[in-house]
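Chains as they are written, first to last, in the numbering used here: chain P, 44 to 519; chain A, 46 to 330. For each residue, glycine too, the CB sits at the ideal point set by N, CA and C. Because the structure is a prediction, the values reported are computed rather than measured.
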Amino acid sequence: MAYIEFRNITKSFGDCVACHDVSISIAKSEIHSIIGENGAGKSTLMKLLGGIDPVTSGDLFLNQKVYKPESAQDAFKNKIAFIHQHFVLAEQLSGLENILLSYSSSRFSLMTKNSSEVLTAANQILTRFNWKIDLNKLVSRLSVGEQQRLEILKALLQEPDIIIFDEPTAVLTPQESEELMQFILQLKKENKTIILISHKLNEIKSVSDSISVLRHGRLVQSKPAQELSIEQMAELMIGRQVVKSTALERPPQREAMLSVPNTSISLLKSEIFGVAGIEGNGQSLLISRLLQEMTKLNIKYGDITEDRIKLSVFEGMNLWEHMLLKHKNEFLSKGLIFELRLKKVTEDLVKSWDVRPPDIDKPLSEFSGGNQQKFVVGRELWNQPQVLLAAHPTRGVDLGAQEHIHKSLLEFSKHKKAVVLVSSDLNEVLYLSDRFVILNKNKIYGPFNRGELNEQQIGLIMAADNNEGIKLAGEL
Amino acid sequence: MDSALVLIFLSALRVSLPLLFAATGGYFSEKSGVAQIALEAYLLIGAFSAATFTYYSKSLLVGYLAAAVLTALFSQIFSLLILKFKGNSIVIGTGLNLLAMGIIPIISKTIFNSTGSTPSIELAQPAPYFPYVVLVITLAVSYWLSEKTIWGLQMKFAGEKKLALQSVGISPAVRQWQSLTFSALVTGLGGAVLSTSLSSNYSPLMSSGRGFIALAALIFAGWNLARALLVCLFFGLCEALQIQMQSNEAISTYVAAEFIQMIPYVATLIALLILRSKYPPAELK
């Protein structure tokens with residue numbers, strides 16, 4: 044019997060229909076996953092359940108009763124906890140204060156804070172799951188993984204029946220993601236109903252009881268998990284088969300394009316040069332060295348920055364303004380903007396990269412992560428640079444976009460161009476790079492050729508305290 | 046210690062009194078996520094109410110209470126326009142400042158038949174320590190409210206992360222309204238000090254930018270109340286020095302009074318430049 048039911052739900056924002064006639068039913072104490080590409084309407088659907096946005100038409104049922112939340116408060120009262128992709132934490136307040144908030148009521152009260160009781164309760168949960176968070180630290184000082192645990196802790200203290208996880212692993216390391224999945228299974232044993240939104244199919248497959256697939260705002264499939272293979276899920280999500288591009292044959296002799304000073308690293312023409320390593324082990328330093336060198340040698344480069352939100356996407360600026368920002372010399376003359384040409388070029392770019400919605404006047408920050416990244420990659424490649432610095436090019440990006448980006452990196456590297464691929468996703472580095480190095484505490488190990496090391500060996504070098512005997516290319 | 050120095054310090058504390066109240070008031074507004082540039086208006090309303098009520102009752106207590114209550118009432122216009130009708134707080138704050146300047150002469154004309162200063166206050170008993178007692182109580186209550194109570198936490202969440210507050214069933218607007226009202230109440234007390242303790246009547250525009258100085262102190266102190274209060278005291282010290290210098294013949298013969306009067310403002314500007322502003326409440330607008 045359905046515990047949570049979406050019946051013919053439609054949600055539109057103005058002209059834009061985000062969810063179209065979606066009906067899903069979810070049983071009690073199951074893990075129900077909702078998958079789909081970015082912009083498919085997954086988060087929108089969950090925001091309806093969480094009372095954050097109102098339904099346009101259709102009905103929600105909770106435990107056979109009509110459920111019409113008018114605000115997040117209503118969801119809260121119905122014991123629905125929503126763990127947002129973007130954390131709902133006050134960064135300038137401590138972890139404990141963020142938790143304390145959940146214990147307060149809307150009645151006006153001048154009661155002093157019951158810090159010690161809450162701390163005890165919180166610590167009980169922390170020890171139960173073997174988590175360590177310093178609750179007296181400001182949230183801004185906690186790592187992303189810790190912030191997420193804090194968010195979960197906050198939800199659990201209220202003993203919810205239904206927990207919605209919106210892309211919980213988007214910002215976590217593989218180990219953290221694995222732990223989270225174990226944790227979600229544990230919650231299920233405690234009779235909680237869990238809705239998991241993600242586009243990481245491996246983890247979905249491993250924990251879910253049933254899966255609903257959304258595409259362009261419509262439900263395309265809702266089935267028990269064992270009836271769907273990962274390949275089928277991917278196909279349903281993007282509406283066609285995923286073609287994995289294969290690595291390219293490379294000419295045996297390749298010229299060097301530039302070398303990084305004080306190291307034995309040189310970048311060759313026609314190659315993808317991978318940089319593996321846990322984040323924060325010297326990636327930024329290596330990138331800035333490369334940037335310096337390229338500026339010195341006057342090499343034209345494209346730069347997919349490591350932190351899209353901070354460095355590539357600016358609040359309130361639309362697509363063509365972002366285009367102008369990067370390629371200003373192409374569109375400016377005597378201080379005037381060639382607006383028609385600029386808009387035309389941006390429109391073509393949006394079309395060829397399938398950025399959705401194809402509206403070049405919309406602020407880039409309002410696009411989904413995958414579409415933002417597609418636009419950024421397209422923009423960086425637009426004027427055919429010689430080198431492309433690609434830092435985490437597929438982070439927070441869905442399968443379809445990932446495929447597109449990978450393909451274009453391979454394609455780009457064919458024509459005597461070089462790609463520097465910095466990624467914390469080991470699979471990505473292994474799959475795309477012709478040669479790669481491994482960073483560990485600002486030391487560069489390698490370079491290794493494709494196939495020289497397997498995943499386990501690389502993992503060891505990435506994490507080891509001491510890598511004696513492994514070839515060292517230099518230190519940053 | 047030299048008695049002249051002691052005198053300067055005492056007068057520094059005295060002239061910084063209205064600033065200390067205004068900064069505390071501003072803190073409660075800004076922390077709850079509403080930019081507050083109407084402190085100037087609150088000081089004026091507080092000053093006028095206190096002068097009027099003290100004049101008739103001959104009691105400072107009545108004057109202070111009237112200042113607090115009437116300023117809090119006056120601030121309801123601000124809260125209504127911002128929280129209910131979602132106005133821009135800078136525009137409305139400016140409007141309120143202008144309104145205060147305009148409305149006081151009208152009321153003053155009706156009561157005292159004069160649009161200028163109110164008549165001098167005569168107290169039944171002089172009470173030179175009264176403003177200090179009020180200050181200590183205000184600061185203690187403010188600290189307790191903001192750091193110790195659940196209300197204070199919720200108020201800060203309204204300024205830092207509204208969504209978090211909403212998701213536990215609390216309306217940010219309600220907390221902001223309460224905080225804005227308290228903010229006006231405290232600033233109104235500052236106005237009362239201005240007209241009843243630093244002088245003996247209300248004179249037009251007597252706040253002379255103190256509301257803005259308090260706000261600047263708060264912003265540059267990184268929305269940290271204790272640091273903001275220190276900046277206010279520093280301003281007071283410069284003001285006290287300035288008064289001393291003006292009465293010193295050796296200096297005032299050679300330096301124009303206008304330049305000496307500039308000292309506190311210039312010094313505060315420099316002090317504020319040294320303090321770097323950071324961590325504004327995330328939802329402040």
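For the region 105-122 of chain P, the beta-carbon criterion of a distance under 9 Å to any beta-carbon of chain A is satisfied by 114, 115, 116, 117, 118, 119 and 120. At a beta-carbon threshold of 7 Å, the residues of chain A lying near residue 131(P) are 206, 208, 209 and 212, ordered along the chain. Distances from the CA of residue 486(P) to each of 78(P), 507(P), 338(P) and 237(P) were compared; the closest alpha carbon is that of 507(P). Taking the Cα positions, residue 316(A) is about 8 Å away from residue 276(A).
If you look at residue 393(P), you'll find it in the alpha helix (DSSP H) that goes 382-395. Following the DSSP letters along the chain, one finds residue 414(P) inside the alpha helix (DSSP H) bounded by residues 412-424. Taking 7 Å as the cut-off, the beta carbon of residue 277(P) is found no closer than this to the beta carbon of residue 253(P). The criterion of a C-beta distance shorter than 7 Å is not satisfied by residue 441(P) and residue 421(P).
In this structure, residue 480(P) places its C-beta atom within 7 Å of the C-beta atom of residue 489(P). Scanning 304(A), 298(A) and 209(A) for the CA closest to the CA of residue 146(P) turns up 209(A).
For residue 196(A), the chain P residues whose Cβ falls inside 9 Å of its Cβ are 147, 151, 152, 153 and 154, in order along the chain. Partner residues in the beta bridge of residue 486(P), as assigned by DSSP, are 483(P) and 518(P). Residues of the same chain with a CB within less than 6 Å of the CB of residue 64(P), apart from the 5 flanking positions on each side, are 51 and 53 in chain order. Residue 54(P) carries a strand assignment under DSSP once its states are collapsed to helix, strand and coil. Residue pairing by DSSP places residue 344(P) opposite 430(P) in a beta bridge. The beta-carbon distance between residue 241(P) and residue 212(P), rounded to whole angstroms, is 7 Å. This is short enough to meet the 8 Å contact definition.
In the three-state reduction of the DSSP assignment, residue 148(A) falls in the helix class.
If you draw a straight line from the Cα of residue 213(A) to the Cα of residue 424(P), it comes to about 46 Å. Under the Cβ criterion of 7 Å, residue 518(P) is not counted among the residues facing chain A.
With contacts defined as CB atoms closer than 7 Å, residue 112(A) and residue 237(A) qualify as a contacting pair.
Chain-order list of chain A residues neighbouring residue 210(P): empty, with the shortest C-beta distance near 17 Å, by a criterion of under 8 Å. Judged by DSSP in its simplified three-state form, residue 78(P) adopts strand. The residues 60, 61, 62, 63, 83 and 84, in chain order, have a CB closer than 7 Å to that of residue 260(P) in the same chain once the five nearest residues on each side in sequence are set aside. Using beta-carbon distances, residue 265(A) does not count as an interface residue toward chain P, since no partner is under 7 Å. Taking the Cα positions, residue 265(P) is about 32 Å away from residue 474(P). Of the candidates 252(A), 203(A), 284(A) and 258(A), the residue whose Cα lies closest to the Cα of residue 136(P) is 203(A).
About 7 Å separates the Cβ atoms of residue 151(P) and residue 196(A), confirming a contact at the 8 Å cut-off. Residue pairing by DSSP places residue 283(A) in no beta bridge whatsoever. Considering only 271(A), 51(A) and 87(A), the residue with the shortest C-alpha distance to residue 225(A) is 87(A). Using a Cβ-Cβ cut-off of 8 Å, residue 199(A) is close to 144 and 147 of chain P, given in chain order.
For residue 371(P), the uninterrupted alpha helix (DSSP H) segment begins and ends at 371-374. Interface flag for residue 140(P) against chain A is set, since a Cβ pair is found closer than 7 Å. At least 7 Å separates the beta-carbon of residue 430(P) from that of residue 355(P). Residue 267(P): member of the beta strand (DSSP E) spanning 261-267, first to last residue. Residues of chain A with a Cβ closer than 7 Å to the Cβ of residue 92(P) do not exist, since the nearest Cβ in that chain sits about 13 Å away. Among the CB atoms of chain P, none fall inside 7 Å of the CB of residue 188(A).
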